[in-house]
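J.: Mind the numbering: the sequence shown is residues 0 to 257 in numbering that gives the first Met the number 0, read in order.
I have a structure I would like to understand better, so I am pasting it below and will then ask my questions one at a time.
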Amino acid sequence: MVASRHPESWGNSAADAIYLDMQDQPAMAEATRGIGAAFVLWPAGVGPIAKTTIPLLQALEAAGCRRVVFLSVFGAGTLKFLPHVAVERWLADSSLDHTILRAGYFMQNLSTTHRVDVCEHNEIFIPAGGGHLAMVDTRDIAEVACHELLTPTKPRATYELTGADTINFHEAAEVFSQVLDHPIAYRAPSLWAFARRWRTRDVDRTLLAFMLVEYAVTRLDRSGRVSPDLEQLLGRKPRKLADFVRDHRDLFAAAPPA
0 MVASRHPESW GNSAADAIYL DMQDQPAMAE ATRGIGAAFV LWPAGVGPIA
50 KTTIPLLQAL EAAGCRRVVF LSVFGAGTLK FLPHVAVERW LADSSLDHTI
100 LRAGYFMQNL STTHRVDVCE HNEIFIPAGG GHLAMVDTRD IAEVACHELL
150 TPTKPRATYE LTGADTINFH EAAEVFSQVL DHPIAYRAPS LWAFARRWRT
200 RDVDRTLLAF MLVEYAVTRL DRSGRVSPDL EQLLGRKPRK LADFVRDHRD
250 LFAAAPPA
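This is the structure:
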């Protein structure tokens with residue numbers, strides 16, 4: 000079952016869809032009724048975690064849910080200012096069995112949030128400086144999440160999910176250029192220049208603030224550590240960035256040769 004603010008958009012899906020708005024308390028109570036296990040994340044742009052994700056978890060616990068898989072963020076174990084830390088603490092004090100997935104930087108950020116810059120400007124426009132990331136494909140994360148929902152390895156566990164390689168965005172741009180067969184440049188703007196461009200795109204301020212924090216940490220080269228957890232859980236190597244770009248080449252087709 001899928002919970003969505005727009006359940007009608009799932010009409011052709013194999014999954015049943017129900018209405019859920021994380022800012023609508025009565026909707027939370029209705030959507031969580033009878034749910035035994037749930038995958039929970041903090042969706043971009045819905046508002047502060049304390050007013051959305053934690054109330055949803057409280058509703059799940061009150062409804063008798065037994066297990067939660069929570070998508071957290073890489074670094075939540077040490078960077079206590081990250082908003083996901085509040086959810087991890089809440090889960091630790093709750094009655095719920097849970098798996099926390101501290102995921103690294105999504106490759107899919109480049110085909111969704113930052114796709115417009117690749118397609119319209121032939122560039123990756125991210126204020127990460129020369130900082131490194133162990134980028135991870137969300138398909139690998141989803142495989143782990145499904146396993147932990149259906150056949151969890153432990154009642155309570157925390158895993159760090161990263162790719163197998165640590166690269167910076169200069170190197171990522173080279174991968175894009177090779178796979179797409181035309182130049183993609185990496186622009187490393189200041190945090191201010193990045194915020195200025197994004198404020199013209201009607202982006203939710205909560206999401207923009209999170210991106211600024213995320214990339215400020217990356218600029219300090221604090222996000223490039225590789226974890227073995229994903230490979231151990233899947234029994235195979237994580238997907239590489241070149242695999243991701245190749246598999247999603249059609250999403251970047253709008254980018255003309257320079």
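Heads up, the beta-carbon is just placed ideally off N, CA and C, and yes, glycines get one too.
Could you pull the DSSP bridge partners for residue 96 from this structure?
T.: DSSP, once it has assigned bridges, lists 66 as partnering residue 96.
J.: Would you kindly work out how many angstroms separate the C-alpha atoms of residue 89 and residue 180, rounded to a whole number?
T.: Distance between the alpha carbons of residue 89 and residue 180: 47 Å.
J.: Would residue 237 be called buried (16 or more neighbouring beta carbons within 10 Å of its own) or exposed?
T.: The residue is buried, with at least 16 neighbouring Cβ atoms inside 10 Å.
J.: Taking only three categories from DSSP, how would you classify residue 157?
T.: Strand, per DSSP.
J.: Which runs of the alpha helix (DSSP H) at least 4 residues long sit entirely within the region 150–202? Give them in chain order.
T.: Correct list: 168–179, 190–198.
J.: When we look at the beta-carbon of residue 5 and count the other beta-carbons within 10 Å, is it buried (16 or more) or exposed?
T.: Residue 5 is exposed by the Cβ-count criterion.
J.: Using the three-state DSSP reduction, which class does residue 127 fall into: helix, strand or coil?
T.: Looking at residue 127 - three-state DSSP - the assignment turns out to be coil, as it is neither helix nor strand.
J.: Suppose you measure from the CA of residue 91 to the CA of residue 137; what does that come to, to the nearest Å?
T.: Computed Cα separation, rounded: 25 Å.
J.: Measuring alpha carbon to alpha carbon, tell me which residue in 149, 112, 250, 151 is nearest residue 203.
T.: Out of 149, 112, 250, 151, 112 has the C-alpha closest to the C-alpha of residue 203.
J.: Does DSSP classify residue 257 as helix, strand or coil?
T.: Only weak support is given to the placement of residue 257: the predicted model assigns it a pLDDT of 43, under 50, and the question is left unresolved by the model.
J.: Could you give the residue range of the beta strand (DSSP E) that holds residue 34?
T.: Note, residue 34: premise wrong, no beta strand (DSSP E); not H, not E.
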